[in-house]
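K.L.:
Using the numbering used here, read the sequence shown as starting at 17 and increasing by one per residue. Note that the Cβ used here is the ideal one computed from N, Cα and C, for glycine as well.
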Amino acid sequence: CRGPCCFLCLPFWRLPFLLFPSGNMTGVVSERDYICKIALLGRTSKETPVKEIATRGANIITAKAGESVESCMEKMMSKGIRHLPIVDDAEKVIGMVSIKDLVKTVITEKEQTIKVLSDFALGKGGHFGSE
Numbered sequence: 017c018r019g020p021c022c023f024l025c026l027p028f029w030r031l032p033f034l035l036f037p038s039g040n041m042t043g044v045v046s047e048r049d050y051i052c053k054i055a056l057l058g059r060t061s062k063e064t065p066v067k068e069i070a071t072r073g074a075n076i077i078t079a080k081a082g083e084s085v086e087s088c089m090e091k092m093m094s095k096g097i098r099h100l101p102i103v104d105d106a107e108k109v110i111g112m113v114s115i116k117d118l119v120k121t122v123i124t125e126k127e128q129t130i131k132v133l134s135d136f137a138l139g140k141g142g143h144f145g146s147e
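Structure, rendered in structure tokens:
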């Protein structure tokens with residue numbers, strides 16, 4: 017990354033880049049941005065500033081910290097994105113969630129429900145789960 021605009025640069029594209037010129041998020045750079053705006057156009061990483069390939073403005077999709085897993089999943093699926101910045105009420109980024117994180121949460125919740133229902137059906141501890 018170049019200059020003070022880049023907040024987060026992780027290798028292997030585990031997360032997109034977040035750009036913070038003055039504390040506010042102004043853009044997100046994903047693997048898709050890189051492929052579509054650098055590799056396919058024949059540009060090089062060394063000659064292209066991050067700000068030129070970032071998704072910016074109203075195109076940035078975020079979620080509030082209190083939003084449900086289902087709401088975040090719907091946003092991600094409808095927009096075809098794999099990472100979602102989580103913002104507070106002042107629109108400051110406080111975290112990032114991936115589709116993988118959300119799927120793991122849903123699977124864990126479903127497994128817990130199945131366990132409770134199985135225990136109930138087998139007479140083990142009623143609806144409170146197994147002891």
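(1) Relative to the C-alpha of A74, which candidate in L133, S94, C88 and V44 has its C-alpha closest?
(2) Report the rounded CA-to-CA distance for K91 versus L56, giving the unit in angstroms.
(3) Please report the distance separating the alpha-carbon of E86 from that of T60.
(4) What do you reckon, are the CB atoms on S84 and H99 nearer than 9 Å?
(5) Considering only their Cβ atoms, is the gap separating M89 from K118 smaller than 9 Å?
(6) Return the residue from the list M112, I97, K95 and G96 that minimises the CA-CA distance to V103.
(7) Hey, could you find the ends of the beta strand (DSSP E) G44 is sitting in?
(8) Under 9 Å between the Cβ atoms of T71 and D49?
(9) Looking at the unbroken beta strand (DSSP E) that takes in S114, where does it start and where does it end?
P.N.:
On the basis of the coordinates in this document:
(1) Start at 1 with the first residue of the sequence shown, and residue 74 comes out as number 58. It is V44.
(2) As a first step, residue 91 must be located in the sequence shown, where it is residue number 75. As a first step, residue 56 must be located in the sequence shown, where it is residue number 40. Whole-angstrom Cα-Cα distance: 27 Å.
(3) In the sequence shown, residue 86 corresponds to position 70, counting from 1. In the sequence shown, residue 60 corresponds to position 44, counting from 1. E86 and T60: Cα-Cα distance of roughly 38 Å.
(4) As a first step, residue 84 must be located in the sequence shown, where it is residue number 68. As a first step, residue 99 must be located in the sequence shown, where it is residue number 83. No. Outside cutoff.
(5) Locating residue 118 in the sequence shown gives position 102, where the first residue counts as 1. Locating residue 89 in the sequence shown gives position 73, where the first residue counts as 1. Here residue 118 is Leu; the residue named in the question, Lys, does not match the sequence. Cβ distance < 9 Å, so L118 and M89 count as in contact.
(6) What you label residue 103 is simply residue 87 of the sequence shown in a count that begins at 1. The shortest C-alpha separation from V103 is found at M112.
(7) Within the sequence shown, the letter at position 28 stands for residue 44. Per the sequence shown, residue 44 should be read as Val rather than Gly. Run containing V44: G43 to V45, per the beta strand (DSSP E) assignment.
(8) If you number the sequence shown from 1, residue 71 lands on position 55. If you number the sequence shown from 1, residue 49 lands on position 33. It is a contact, given that the beta carbons lie within the stated cut-off.
(9) Here residue 114 corresponds to residue number 98 of the sequence shown, with the count starting at 1. S114 -> beta strand (DSSP E) spans V109 to S114.
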